[in-house]
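**Q** For the sequence shown, this note's numbering begins at 54 and goes up steadily by one. For glycine and all other residues, C-beta sits at the position ideal for the given N, C-alpha and C. Take a look at this one; I'll ask things after.
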Amino acid sequence: MNEPSTALSVSIVGTPDLPGEALTALYRTTGRSTVELRRAISVAEPVFVAELFGPDHIDVVPRLEKTITLLEQLGLAIAIHELTDGQPEAISLQTMREIIDGPTTD
54 MNEPSTALSV SIVGTPDLPG EALTALYRTT GRSTVELRRA ISVAEPVFVA
104 ELFGPDHIDV VPRLEKTITL LEQLGLAIAI HELTDGQPEA ISLQTMREII
154 DGPTTD
């Protein structure tokens with residue numbers, strides 16, 4: 054039986070033509086080439102996807118957070134989605150953080 058795959062993704066709202074410096078910074082954060090990033094932006098696909106609960110979870114979640122911080126610093130609007138078995142559902146930044154951080158104790 055296959056376990057459901059769950060991921061969080063971040064996309065840039067709209068299709069801005071980012072300067073090379075911004076794409077280079079995104080490359081350093083996401084690990085995706087500038088060509089891949091330009092294509093993803095132009096077709097409104099995620100610039101970064103963080104698979105949750107996999108072997109790379111400890112590495113991808115900080116990269117997701119760094120990507121979001123960078124996009125916000127660049128003044129870009131973002132969309133965050135939770136992907137369960139490939140089905141996207143828009144969520145807020147706060148909801149994303151609750152998913153990542155888990156339940157809080159009072």
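(1) Our contact map puts Phe101 next to Arg116 with C-beta atoms below 8 Å; I'd like the distance itself, whole angstroms only.
(2) Less than 8 Å between the C-beta atoms of Ile111 and Ile121, yes or no?
(3) If we call anything under 8 Å between Cβ atoms a contact, is Thr137 one with Thr77?
(4) Of all the options Leu71, Thr82, Ala103, Pro108, which has the alpha carbon lying nearest to the alpha carbon of Arg92?
(5) Could you name the residues of the same chain whose beta carbon sits closer than 6 Å to that of Leu124, not counting the 5 residues immediately before and after it, in chain order?
(6) Applying the criterion that 16 or more other CB atoms from any shown protein chain within 10 Å of the CB defines a buried residue, is Val63 buried or exposed?
(7) In chain order, which continuous runs of the alpha helix (DSSP H) of length 4 or greater are located wholly inside the segment 85–116?
(8) If we count the other Cβ atoms within 10 Å of its Cβ and call it buried at 16 or more, is Pro99 buried or exposed?
(9) Spatial neighbours of Pro69 within its chain, please: C-beta separation below 8 Å, excluding the five flanking residues on both sides.
(10) Could you compute how far the alpha carbon of Val88 sits from the alpha carbon of Asp154?
**A** Taking the definition as stated:
(1) Contact between Phe101 and Arg116 holds: their C-beta atoms lie close to 7 Å from each other, under 8 Å.
(2) Going by C-beta atoms, Ile111 is not nearer than 8 Å to Ile121.
(3) Contact: no.
(4) The candidate whose alpha carbon is nearest that of Arg92 is Leu71.
(5) Shown here for Leu124: same chain residues with a beta carbon closer than 6 Å to its own, the five before and five after excluded, namely Ile131 in chain order.
(6) Burial call: buried.
(7) Here the runs fully enclosed are 87–95.
(8) Burial state of Pro99 is buried, judged by a 10 Å Cβ sphere holding 16 or more other Cβ atoms.
(9) Correct list, in chain order: Ile94, Leu129.
(10) Val88 and Asp154 have their C-alpha atoms some 32 Å from each other.
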